[in-house]
Amino acid sequence: MLSPIIAPFGSWKSPITSDLIVAQSIKLGTVVFDNDNIYWLEGRPQEKGRNVLVKYSPDGQMTEITPQPFNVRSRVHEYGGGSFLVKNGVVYFINYQDQRLYQQLPNEAPKPLTSENQCRYADFVLDPNYNRLISVCEDHSQTDRECENKIVAIDIKTGDITTLIEGDDFYSSPRLSPDGTQLAWISWNHPNMPWDGTKLWLGNIESDGSLKEIKWIAGDIDESISEPKWAPDGQLYYVSDQSGWSNLYCYKANVNNVPIFPFTAEFSYPHWVFGLSTYTFVSKQKIICGFTQDGRWYLGSLNIPNRQFSILELPYSNVASLDSHGKEVVFLGSSTIEPTEVIHLDLNLSQTKVLKTACQIDVDSGYFSQPELIEFPTENGLTAYGWYYPPQNKDYTFPDEELPPLLVKSHGGPTAAATPSFSLKIQYWTSRGFGYLDVNYGGSTGFGKTYRQRLEKNWGLVDVNDCINGANYLVKQGKVDGDRLAISGGSAGGYTTLAALTFHDTFKAGASYYGVSDLESLAKDTHKFESRYLDKLIGQYPEEKEIYEERSPINFTDQLNCPVIFFQGLEDKVVPPSQAEMMVESLKNKEIPVAYIAFEGEQHGFRQADNIKYALDSEFYFYSRIFHFTPADNLEPINILNYDS
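Residue numbers (this note's numbering): 853 to 1497.
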């Protein structure tokens, strides 16, 4: 065996290249049963991010259902989700390009059900009694005011649309009872986001298909309800954060509902997209559910009558999109050493089978870094969390006395979470000699309602301090170089990145992916779903305009004294390109090293393989110039303004 090569951090040669990441990777989405068949979505960077529906038959045959050029993706709330439904072999899906609903019969081409209009649809349920689909609809036809959200019925034969419920700002999760006589759904209003407070409703379906005797059964402006589902016996279940943790409840009329299994864990995920499913019924008495504690997900089994709960001993640290058919369960799972996979679990045999993996990796495990959960002190005597990945490459060691550079990741949302799931993008950094800290700052999901609410009125403060304190903790532990600290983030994480770089001097460089630099512009120029999000995170606008100004990095570029690289999709409707361009221009005028890379055809998040590859390599190249190390890869140089090597 050859001795490891002694080489500076950052200069290590790695088999985990950007080409490998984009060539071998797909994004696996919603997985469901349709009788004995299993369907899931594949997001393919190699096809410019096209989402394709795939069927897995009991004989093991895999069939691509969605023909070119169809792209299964909804734009409701801009983030989409809930873009397809399969019942008895008939597929209903939203095509991204025109946002029309299509029906695809077995062995036939898709045909449009809805007309060309300014409406978007998501989150479908089949109502066979009336030969219709019930779904969320977002109507953009009135250009002089905010789009209207409602729940509608779509006639499968004619495509005619009937409004069932309207009046609230947002709707989700229409769910039909097993006998087809009742419909449950969720609604909420500005300024709430769905994890702040929502209401669960129940209505009877009348003989003409309309809803009557509508009643509000759970939730409120300060209690969040998610994932209503009907059990096989007709009982309605849902997730509520009433106790301070998002636990499972069963609705019973005229009863003060309590969790069916109180637990200091989260049994749901924030409703950023439609179609989330963290639990499923395998019988009227048993639920298989995902739950998270300290940022790690587990799979559990809950026997409802006797309230017995057990954890299934499976090697997954992240689970999502659960569905079942009898004693069979499918879900998306990943671990610290395995990428996201479509998993089939046979409860009778207690066996799992991988049906599809997000990427085929022929790389020795000696190149993979294993994350460790760190808990570190932060402001006001509190504790915050993160996943630290140390540098790891079996072919290299480092010179004596050298410490690695650290890349701190501030996740998006900001109401999201960092999980210890296998990521080739993270391993790209660690296998080249970087430490990597994925921070679950205050406001992150998975640590209870109180932890999530730390960010209320404190965005740009709590998140920034937690990222800084996480980095400083690793410096004090002697694990990373305090003079080579970088921070990177996308969307809301991009704002945290820019705020950390502008208002503090801990980090020496950073990368903003479609990040917010001007909170006022975001408050005035973003889509409906998030148009009042900042009321909770910052304060009411324009009443508290001064706070927006004080926390906007664009207003304080005189305090920003380190290099930054910006990545931006030019069709981004969530964070418009003007946000990045204003910041770049200010840094350029101040003669601070800055780079700006804009992508045609990309929106909020990059989906095209070439762009994903170029962004990753460009960020690494940028740090190599700023931190003065020589990459082993022959990277394409980028234009860094105001940089003199």
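Heads up, the beta-carbon is just placed ideally off N, CA and C, and yes, glycines get one too. Fair warning: this is a prediction, and the values are worked out from it, not measured in the lab.
Open item on the list: Measuring straight from C-alpha to C-alpha, what distance separates F1381 and Y944?
Closed with: 25 Å
Task: Cβ distance (whole Å) where K1051 is taken to contact I1077 below 8 Å - done: 7 Å
Task: CA-to-CA distance, K1009 to N983, given in whole angstroms - done: 8 Å
- [ ] Please name the residue or residues paired with A1070 in a DSSP beta bridge.
- [x] L1052
- [ ] Measure the beta-carbon distance from S1120 to S1098 and round it to whole angstroms, keeping in mind my assumption that it falls under 8 Å.
- [x] 5 Å
Open item on the list: For E1018 and I1003, I'd like the C-alpha separation in whole angstroms.
Closed with: 7 Å
Task: Beta-carbon proximity list for E1118, same chain, < 7 Å, skipping 5 on both sides - done: W1097, S1098, F1143, T1144, T1297, G1298
Open item on the list: By alpha-carbon positions, which one of P1043, G1391, Y1293, G1322 ends up nearest to D1315?
Closed with: Y1293
Open item on the list: Ignoring anything shorter than 3 residues, give me the beta strand (DSSP E) runs that lie fully in the region 1409-1480, in order along the chain.
Closed with: 1416-1421, 1446-1451
Task: Buried or exposed (CB count within 10 angstroms, at least 16 for buried), I1189 - done: exposed
- [ ] Classify Y982 as helix, strand or coil using the three-state DSSP reduction.
- [x] helix
Task: Length-filtered (4 minimum) alpha helix (DSSP H) runs lying within the region 936-1007 - done: none
TODO: May I have a chain-ordered list of the beta strand (DSSP E) segments no shorter than 3 residues that lie completely inside the region 1215-1284?
DONE: 1224-1229, 1235-1241, 1258-1262
- [ ] Return the CA-CA distance between Y1089 and Y1131, expressed in angstroms with no decimal places.
- [x] 10 Å
Task: G1346 vs Y1365 beta-carbon contact at 8 Å - done: yes
Open item on the list: Just to confirm before moving on: does the CB-CB distance between H1177 and D888 stay below 8 Å?
Closed with: yes
TODO: Could you tell me if K1388 is buried or exposed, where buried requires 16 or more neighbouring beta carbons within 10 angstroms of its beta carbon?
DONE: buried
Open item on the list: Am I right that Y1241 and S1262 are in contact with their C-beta atoms under 8 Å? What's the rounded C-beta distance?
Closed with: That pair is no contact at about 15 Å.
Open item on the list: Relative to the C-alpha of C989, which candidate in I1006, D871, E1437, A1036 has its C-alpha closest?
Closed with: I1006
Task: Closest residue to L1028 among D1175, P1080, I1069, P1043 (Cα-Cα distance) - done: P1080
Open item on the list: Please list the terminal residues of the continuous alpha helix (DSSP H) segment that includes Y1389.
Closed with: Checking the sequence, you will find Leu at residue 1389 rather than Tyr. Per DSSP, L1389 belongs to the alpha helix (DSSP H) from 1385-1389.
TODO: Flag this pair as touching only if the region 1347-1365 and the region 1403-1411 have three or more C-beta atom pairs under 8 Å; answer yes or no.
DONE: yes
Open item on the list: Short of 6 Å in beta carbon distance, which residues of its chain neighbour S1162, apart from the five on each side in sequence? Order them along the chain.
Closed with: S1153
Task: Unbroken stretches of the beta strand (DSSP E), 3 residues or longer, contained in the region 1303-1372 - done: 1337-1342, 1361-1365
Open item on the list: Suppose you measure from the CA of W1281 to the CA of K1246; what does that come to, to the nearest Å?
Closed with: 14 Å
Open item on the list: Which residue wins for smallest C-alpha separation from Y973, given the options Q1244, G895, P1026, T882?
Closed with: P1026
- [ ] Inspect the beta-carbon positions of E924 and F936 and report whether they are closer than 8 Å.
- [x] Strictly speaking, residue 924 in this sequence is Val, with Glu absent from that position. Yes, Cβ-Cβ distance for V924 and F936 is below 8 Å.
Open item on the list: Can you tell me where the alpha helix (DSSP H) holding K1397 begins and where it ends?
Closed with: 1397-1402
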